[in-house]
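Enquirer: Going by our numbering, the first residue of the sequence shown is number 2, and it counts up by one from there.
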Amino acid sequence: MKLSYGVRVFMAPGESGRVVVALGEAHLKLRRASDLGKEVVAAFDLRGVETFQARRVLAGRALRVLIHGPRVALRVLSLGAVKGSTITDAKALPSGTTVELERVDRVPLSLHVMSVYLATFFAVAFAYLGVGLAAWPLGAYAPWLARVGAWLQWATAAFEAHMVLLVPAYLLRQRAWAWLVHPLVALVVVRDGFMAAATARMMSEHPGVDEAVVVMGRAHLPGFERELVERHGFRRVG
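Shown next as structure tokens:
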């Protein structure tokens with residue numbers, strides 16, 4: 002279970018005693034962990050969930066296909082042993098209120114650039130893999146595959162070399178321009194800020210609710226905590 006979920010508990014500002022439970026998940030998990038996640042989110046009437054706004058972000062729909070396609074394939078190949086996201090389970094609940102935490106009035110440029118970059122990276126990587134597999138039985142009949150494969154190999158190597166800049170970009174993540182060092186830092190940092198702000202807003206808009214749960218990818222938990230505590234006055238209690 003420790004590999005599937007991370008949990009952090011926060012107290013809302015003031016003396017109200019209101020609690021927010023942050024559930025960081027692996028987006029794929031086995032049945033036992035999936036069932037536990039369903040039980041947790043069903044226990045709360047107010048839920049917030051990470052939901053990347055693919056329709057509003059440049060190349061977002063393509064990125065969604067490139068990310069979710071392999072996940073679906075893995076679930077099919079596992080014959081149902083691998084289960085999907087607790088976020089989807091929370092959104093499917095018929096009762097209570099589920100809030101998408103990444104809905105914003107204006108999508109920042111950094112997310113558009115990140116989406117295009119990541120979609121291109123996955124497209125190149127998958128194409129390189131596909132051409133490599135096709136060249137093995139068909140190379141003698143389609144010599145152009147070798148040329149395409151060489152170009153894709155160069156492109157893949159360029160992406161890999163550029164990934165080195167993720168380290169300084171992450172170290173500079175508190176700077177508004179950190180995504181200019183490497184766009185992928187926005188995948189976590191910018192969205193952490195969105196989700197923390199939306200969580201604070203969700204609690205203020207539902208003053209009669211004493212307990213809420215928010216569900217997100219596990220990688221978001223540290224940044225979400227920092228934003229929620231430092232910018233919105235919450236206090237971690239567990």
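C-beta: ideal position from N, C-alpha, C; glycine also.
(1) For the alpha helix (DSSP H) containing T157, list its first residue and its last residue.
(2) Considering only the alpha carbon of each residue, which of T157, W180, A158 lies closest to L167?
(3) Can you confirm whether the region 74 to 88 touches the region 118 to 131 when touching is taken to mean that 3 or more C-beta pairs between the two stretches lie within less than 8 Å?
(4) For A43, which option in V238, A177, P95, R56 has the closest C-alpha, if you only look at C-alpha atoms?
(5) Among residues of its own chain, excluding the 5 on either side of A197, which ones have a beta-carbon nearer than 7 Å to its beta-carbon?
(6) Distance, Cα to Cα, G18 vs H69?
(7) Would you call R62 buried or exposed, if buried means 16 or more other Cβ atoms sit within 10 Å of its Cβ?
(8) Pull the bridge partners of V10 from the DSSP assignment, please.
(9) Assign V41 to one of two classes, buried (16 or more other C-beta atoms within 10 Å of its C-beta) or exposed (fewer than that).
(10) Pick helix, strand or coil for T52, following the three-state DSSP scheme.
(11) Starting from G218 and walking both ways along the beta strand (DSSP E), at which residues does that stretch end?
(12) Helix, strand or coil for E1? Go by DSSP, reduced to three states.
(13) Determine which residues share a DSSP beta bridge with T89 and list them.
(14) Helix, strand or coil for V66 per DSSP?
(15) Report yes or no: do three or more beta-carbon pairs, one from the region 143 to 153 and one from the region 79 to 91, lie closer than 8 Å?
Expert: Reading off the structure:
(1) The continuous alpha helix (DSSP H) containing T157 extends over residues 145 to 163.
(2) Of the candidates T157, W180, A158, the residue whose Cα lies closest to the Cα of L167 is W180.
(3) The region 118 to 131 makes no contact with the region 74 to 88; the number of CB pairs closer than 8 Å stays below 3.
(4) Among V238, A177, P95, R56, the Cα nearest to that of A43 belongs to P95.
(5) Closer than 7 Å at Cβ, skipping near neighbours: F225, E228, L229, R232, H233.
(6) Between G18 and H69, the C-alpha separation is close to 38 Å.
(7) Looking at its Cβ environment, which holds fewer than 16 other Cβ atoms inside 10 Å, R62 is exposed.
(8) For V10, which the question treats as bridged, DSSP gives the partners V22.
(9) Under this definition V41 is a buried residue.
(10) Reduced to three states, the DSSP call for T52 is coil.
(11) That run of the beta strand (DSSP E) goes 212 to 218.
(12) In this structure the chain extends from 2 to 239, so residue 1 is not present and cannot be described.
(13) Answer is none; T89 lacks a bridge partner.
(14) Reduced to three states, the DSSP call for V66 is helix.
(15) The region 143 to 153, when compared against the region 79 to 91, does not touch it at the 8 Å Cβ threshold.
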